[in-house]
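Using my numbering, count along the sequence shown one by one with no gaps and you end on 291.
Reviewing the structure listed below.
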Amino acid sequence: RGDLVSDVSVQGRVVAAVSPTLYATAPGTITLLVDAGEQVAAGQELATVDSPELAYQLQQEEATLAQRGLQLERQRIESRQQALESRKAADLAEVAVIAARREQRRAEQAREKGVIPEIDYEKAVDDLQNAELAFEHASADATLINERLSFELRASEYEVNAQELVVADLRRRVDDLSIKSPVSGIVGDLLVDQKDAVSRDMPVMAVVDLTRFEIDAMIPESYADDLAIGMNAEITIGGNQY
């Protein structure tokens, strides 16, 4: 009684488990910095793509960002100036109210003593009402102006932030023009020649990871029903068994 063991001896080959293909991220002219079969490290620059169109677009967007930044700073200065003017108008209106109240009290005292015509007293009362209305309107205008200026500043800041995102995305795309190795290993096939014109998403080269391998074995179909995941396998390479 015991387990019946059936051995299947087949031929196979060792292949790389990880062999990523690198692609051009933008149209342009490619400059290869390595040769086929050359050992490379993860993060090493393997090629660069010269894309004048993308570089010019980045310069344009950076200039637009700088211009909008200057406009925002100018708007902040103008907003502070307008807020100061509106506050100044409100303060002057408040001073006018204080002066009108003083004149109204003086007219009232003179009226009680009978040394001022009734029409002059009524004029003093009207002047006080006009001054109070002017102060009320000036204060309301100052509040509305501050709210409007704050809203306009927030809108301009949103525009600057949106432009910063555009510039950041373009800078990322320009940085991606430098093709770097995702793994350590050797350069496989070069799919383009030096200084070739490449298009976006065009394959450039393959890099083979020498730390991870697979076995590609051809097993007769008659054994297919007897095979299952998890079975042990012995691999002999160069007299060494794995």
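Virtual Cβ for every residue (Gly too), placed ideally from N, Cα, C.
Note that the coordinates shown come from a computational prediction; the quantities given were computed from them, not determined experimentally.
To the nearest angstrom, how far is it from the Cα of residue i to the Cα of residue j?
i    : j    : result
F184 : Q212 : 42 Å
L114 : L219 : 12 Å
A138 : S188 : 8 Å
D258 : A282 : 23 Å
S135 : I194 : 7 Å
V164 : A148 : 21 Å
I286 : V63  : 9 Å
Is the beta carbon of residue j closer than 7 Å to that of residue i?
i    : j    : result
S230 : V256 : yes
E107 : V223 : First, the amino acid is wrong: residue 107 is Leu here, not Glu. Yes, they are a contact pair.
A73  : V89  : no
R249 : V67  : no
L71  : M254 : yes
V146 : A180 : yes
A91  : V232 : yes
E201 : R117 : no
L177 : R151 : no
D265 : G61  : yes
I284 : G86  : no
Terminal residues of the continuous alpha helix (DSSP H) containing residue i?
i    : result
L119 : P101 to K162
Using DSSP with H/G/I as helix, E/B as strand and the rest coil, what is residue i?
i    : result
A96  : strand
S227 : strand
V247 : strand
A266 : strand
D242 : coil
D56  : coil
Run through the DSSP bridge pairs and tell me what residue i is partnered with.
i    : result
T70  : A255
Q88  : I235
Q290 : T285
A183 : DSSP lists no partner for A183.
Just curious, the beta strand (DSSP E) that residue i is in, first and last residue?
i    : result
R261 : Note, R261: premise wrong, no beta strand (DSSP E); not H, not E.
A65  : G61 to A65
I79  : G77 to L81
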